Amino acid sequence: MTWVGWRLQRTESLVVLGTLGLLAAFLVPTGIQMANAYHRDGLAACLSFNPGPTCAGAVGGFRQRFQSLIDLSNWFTLVPGLIGVLLAAPFIGELEHGTYRLAWTQSITRGRWLAGKLGVAVATATVAAGALILLFAWWRAPSVHLDGRLDTGNYDTTGIVVVGYTLFALGLALALGAVWRRVAPSLVVAFVGYFATRLFVDLSLRDHLIAPLTTTYRGTSQPGFLYNAHIISMYAALGDHEIMSGGGFVLGGQRKLAAPRLGHAVFHVVYQPESHYWPLQLAETGLFAGLAAILVLFAAWWTRERAA
Amino acid sequence: MIEFHLDGRSGVPAYLQLVQQVRQAVRLGILRPGDQLPTVKEVVTRLTINPNTVLHAYRQLDLEGLVEGRRGVGTFVSAHPVPPPPGDLKGLRSSLDRWVGRARAAGLDDEGIAALVAEAVRPAAVSRVA
Amino acid sequence: MSAGVAAVRTSGLGKRYGSRWALRDCALEIPAGSVTALVGPNGAGKTTLLHMVIGLVEPTNGDVEVFGRSPRRDAREVLPRLGFVAQDHPLHRNLTIAEMLRYGRKLNPSWNQQLAASRIERLGLSQKQKIGRLSGGQQAQVALTLALAKQPQLLVLDEPVASLDPLARREFLNAVMEVVVDDGLTVVLSSHIVAELERVCDHLVTLAEGATQLSGPIPEIVARHRLLTGPRGDVASVARVHDVIRESHTERQTTLLVRANGHVYDSCWEQHEVDLEEIVLAYLGYRPGNGASTIPAREAVRA
Chain A
150 MTWVGWRLQR TESLVVLGTL GLLAAFLVPT GIQMANAYHR DGLAACLSFN PGPTCAGAVG
210 GFRQRFQSLI DLSNWFTLVP GLIGVLLAAP FIGELEHGTY RLAWTQSITR GRWLAGKLGV
270 AVATATVAAG ALILLFAWWR APSVHLDGRL DTGNYDTTGI VVVGYTLFAL GLALALGAVW
330 RRVAPSLVVA FVGYFATRLF VDLSLRDHLI APLTTTYRGT SQPGFLYNAH IISMYAALGD
390 HEIMSGGGFV LGGQRKLAAP RLGHAVFHVV YQPESHYWPL QLAETGLFAG LAAILVLFAA
450 WWTRERAA
Chain B
10 MIEFHLDGRS GVPAYLQLVQ QVRQAVRLGI LRPGDQLPTV KEVVTRLTIN PNTVLHAYRQ
70 LDLEGLVEGR RGVGTFVSAH PVPPPPGDLK GLRSSLDRWV GRARAAGLDD EGIAALVAEA
130 VRPAAVSRVA
Chain C
54 MSAGVAAVRT SGLGKRYGSR WALRDCALEI PAGSVTALVG PNGAGKTTLL HMVIGLVEPT
114 NGDVEVFGRS PRRDAREVLP RLGFVAQDHP LHRNLTIAEM LRYGRKLNPS WNQQLAASRI
174 ERLGLSQKQK IGRLSGGQQA QVALTLALAK QPQLLVLDEP VASLDPLARR EFLNAVMEVV
234 VDDGLTVVLS SHIVAELERV CDHLVTLAEG ATQLSGPIPE IVARHRLLTG PRGDVASVAR
294 VHDVIRESHT ERQTTLLVRA NGHVYDSCWE QHEVDLEEIV LAYLGYRPGN GASTIPAREA
354 VRA
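Protein chains in written order, with our numbering: chain A, 150 to 457; chain B, 10 to 139; chain C, 54 to 356.
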């Protein structure tokens, strides 16, 4: 069953490999450029809360060259979704074309067949996700330094959540395909579902997967624990007047919450500190991986019990 | 060696067609005493028919004394097969010619003659028409 | 003929999908070594019955036994003894023939690679060819090879020749007949075309609207059915002794298709033999036109 599982996924495996290769071909040259620029311009020294005088120019120059590229690459967070749904195709194809009847009248049990086929898909998805993480983590290293790990683009593409995303997309496609038994529509709807779910989690759930912290401080001296924190909401007041409010950004690198001329302003901040990075990653990965597990098991159960 | 053929539309059961073809072949000398009939497998492969059909036919021929089956070897035309003696054949043929002449004189066409003959030949078990 | 060992036995077998019964109260016995035709119109329940025989579908009611075991509960013992070719003979189109055989080898402990390879060679095919490039007839033969190479004792074919041209049909059935001669294989094949099955099969089961009507050896079926024709009149005296399967009347003539229980002595009827196709059509509820009246298909009868 091992050989059978891999051989029947050969096309999709090659497409995944090709996708990774294509990404690498695009990212490696630009990544080297970015890394070189980062080191050459000595940007590492600009990352404290009290950077030197040349830093503004150096960082500004870096951003001018690369920020649009980095922003564009945030869309790569959709790649796990593509890879995940694609790897569901062999399984759904068996149901669509009736070849599962061929498999179930050989001499192996249904359980064995399901375990083999789904196992191969899950294994490939996990390895592909790992490769994506390595590639993106390397490429975005300068951005991570400058903007912090909690920056959405960095968080989404370089963290272990990518494994959760890929498996979730796979599970969604498998579950849809098990019921629908048509490859193309199942993959399309699954990808749309992936996109919608990601959007929902990104915008509404992520901030609250781990309880955020709240703090109040006065004046221009921003506390150290806000460095690289993800600000969910903030509110600054002078006496009774609100002078600033906002939210949804990361205090990475040089960014500061400050009201320079109003030393007695009071800041109220709700935030996720940088130290919450791993708890947040694990929580979100657990969420997506847990959904994936339910979906995959459903697909297996539905196929086994209902199909003829 | 005899080569069988089947007419799917003749209304005659397949095994009977094989029996008749063997009888005819013996009559005409195509099959001589001691000749081997095709094996069941050969006939099945050639005609795409059920093996039981061939077995039935060979069994029937064995009962008639026309062939004998030798276990593990094959089916062979009997040393002394029992065809009708030639003398009778001649006599039968001439009376048949006379009868056909009378039937035509009575106004029967070819089809009418064939219908009469078919009815007369119908197996005893079926035609109990008083 | 057969040693009395049933390759397949069903009792009270039924399958319901929602509110519709695809098969109901099916009781039949298929002797080992026989070649059985399962005949009926599309939608009659043939595929459902076959799928239950091979364990693909769980029955709603009743039992099915293959060589005395349940094909679903005892799948591990039954599956290796079973060969199956589904309708339209599904295969993996992107695989080469060699890879398709490897598939069979990996998934069947009783696989005979030499048998498979020699069959492919005799078919004039190269193992390097891609399945998707083969003609319909060649694909059907590869699917058959896959089923035969695991050396089954029961071969189940669901409408195996429906989509094939006449030559491919003949070659396919020929291949099946060869294995029957060589190995005493039991074969069950379903079809909605009666004519070509008569050559190849020695047993028949008819199925219509989920119910079996006729089941038994073909020579006996043919011998027991008669067509009776006579002047228009009362059929009661015949119906008292024999089973009238189909009756039709014109102004001056009555025609009956009967299953005879003994000899038909009544002298006012002219008797004719009936060929298998006519018998099957009568059981399947064929209704001739022009004012003729008929009775509905009867309950299952053993020929």
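Idealized CB from N, CA, C, for every residue including glycine. Being a predicted model, the structure only gives us computed values, none of them experimental.
- In the three-state scheme derived from DSSP, where H, G and I count as helix and E and B as strand, residue 10 of chain B is classed as coil.
- Using a Cβ distance threshold of 8 angstroms, residue 327 of chain A and residue 238 of chain A do not count as a contacting pair.
- Think of a sphere of 7 angstroms around the beta carbon of residue 147 of chain C: no beta carbon from chain B falls inside it, the nearest being about 33 angstroms out.
- Across the set A/210, A/161 and A/364, the C-alpha of A/161 shows the shortest separation from the C-alpha of residue 235 of chain A.
- Between residue 168 of chain C and residue 208 of chain C, the C-beta spacing is not below 8 angstroms.
- DSSP places residue 265 of chain A in no beta strand (DSSP E) but in the uninterrupted alpha helix (DSSP H) bounded by 259-288.
- Scanning chain B for C-beta atoms nearer than 7 angstroms to the C-beta of residue 226 of chain C yields 57, reported in chain order.
- A check of alpha carbon separations from residue 327 of chain C across C/175, C/278, C/90 and C/301 identifies C/278 as the nearest.
- Residues are counted here when their Cβ sits less than 7 angstroms from a Cβ of chain B; for the segment 197-225 of chain C these are 223, given in chain order.
- Across the set C/82, C/164, C/294 and C/295, the C-alpha of C/82 shows the shortest separation from the C-alpha of residue 102 of chain C.
- The residues 150, in chain order, have a CB closer than 7 angstroms to that of residue 257 of chain A in the same chain once the five nearest residues on each side in sequence are set aside.
- Within chain C, the residues placing a beta-carbon under 9 angstroms from that of residue 49 of chain B are 234, ordered along the chain.
- Selection A/217, A/320 and A/428 evaluated against residue 446 of chain A yields A/320 as nearest (Cα-Cα).
- Put simply, the backbone Cα of residue 182 of chain C is about 14 angstroms away from that of residue 155 of chain C.
- In summary, no residue of the segment 198-226 of chain A has a CB separated from any CB of chain C by less than 9 angstroms.
- When only Cα atoms are considered, residue 229 of chain C and residue 332 of chain A end up about 35 angstroms apart.
- Taking 8 angstroms as the threshold, the shortest C-beta distance from residue 296 of chain C to chain B does not fall below it.
- Annotation: Cβ neighbours of residue 230 of chain C in chain B (cutoff 8 angstroms, chain order): 53, 54, 57, 58, 59 and 60.
- Contact with chain C is found for residue 256 of chain A, since one of that chain's Cβ atoms lies less than 8 angstroms from the residue's Cβ.
- In this structure the segment 16-29 of chain B lies against the segment 63-71 of chain B, because at least three pairs of beta carbons, one per stretch, are closer than 8 angstroms.
- Residue pairing by DSSP places residue 78 of chain B opposite B/84 in a beta bridge.
- Straight through space, the alpha carbons of residue 212 of chain C and residue 243 of chain C are spaced by roughly 5 angstroms.
- Identification of residues in the segment 154-169 of chain C having a C-beta nearer than 8 angstroms to some C-beta of chain A yields 155, 156, 157, 159, 160, 161, 162 and 163, given in sequence order.
- For the 8 angstroms CB-CB criterion, residue 312 of chain C and residue 295 of chain C form a contact.
- Contact annotation for residue 297 of chain A against chain C: no contact, minimum CB-CB distance about 47 angstroms [criterion: below 7 angstroms].
- The DSSP assignment places complete alpha helix (DSSP H) segments of no fewer than 4 residues inside the segment 171-235 of chain C at 189-202, in order along the chain.
- Closer than 8 angstroms to the CB of residue 120 of chain C there is not a single CB belonging to chain A.
- In the three-state scheme derived from DSSP, where H, G and I count as helix and E and B as strand, residue 300 of chain C is classed as strand.
- If the five residues before and after residue 95 of chain C are omitted, its C-beta is found closer than 7 angstroms to the C-beta atoms of 245, all from its own chain and listed in chain order.
- Secondary structure note for residue 390 of chain A: its beta strand (DSSP E) is the uninterrupted segment 390-395.
- Pairing residue 221 of chain C with residue 196 of chain C gives a Cβ-Cβ distance that is not under 8 angstroms.
- Of all residues in the segment 10-33 of chain B, only 15, 17, 20, 22, 23 and 24 come within less than 9 angstroms of chain C when Cβ atoms are compared, listed by chain position.
- The beta carbon of residue 88 of chain C falls within 8 angstroms of a beta carbon belonging to chain B, placing the residue at that interface.
- Near chain C, meaning a CB-to-CB distance below 8 angstroms, no residue of the segment 368-391 of chain A qualifies.
- With respect to residue 423 of chain A, residue 227 of chain A sits apart: the two C-beta atoms are not nearer than 8 angstroms.
- By the Cβ test, the segment 159-176 of chain A is in contact with the segment 278-296 of chain A, since at least three Cβ pairs between them sit closer than 8 angstroms.
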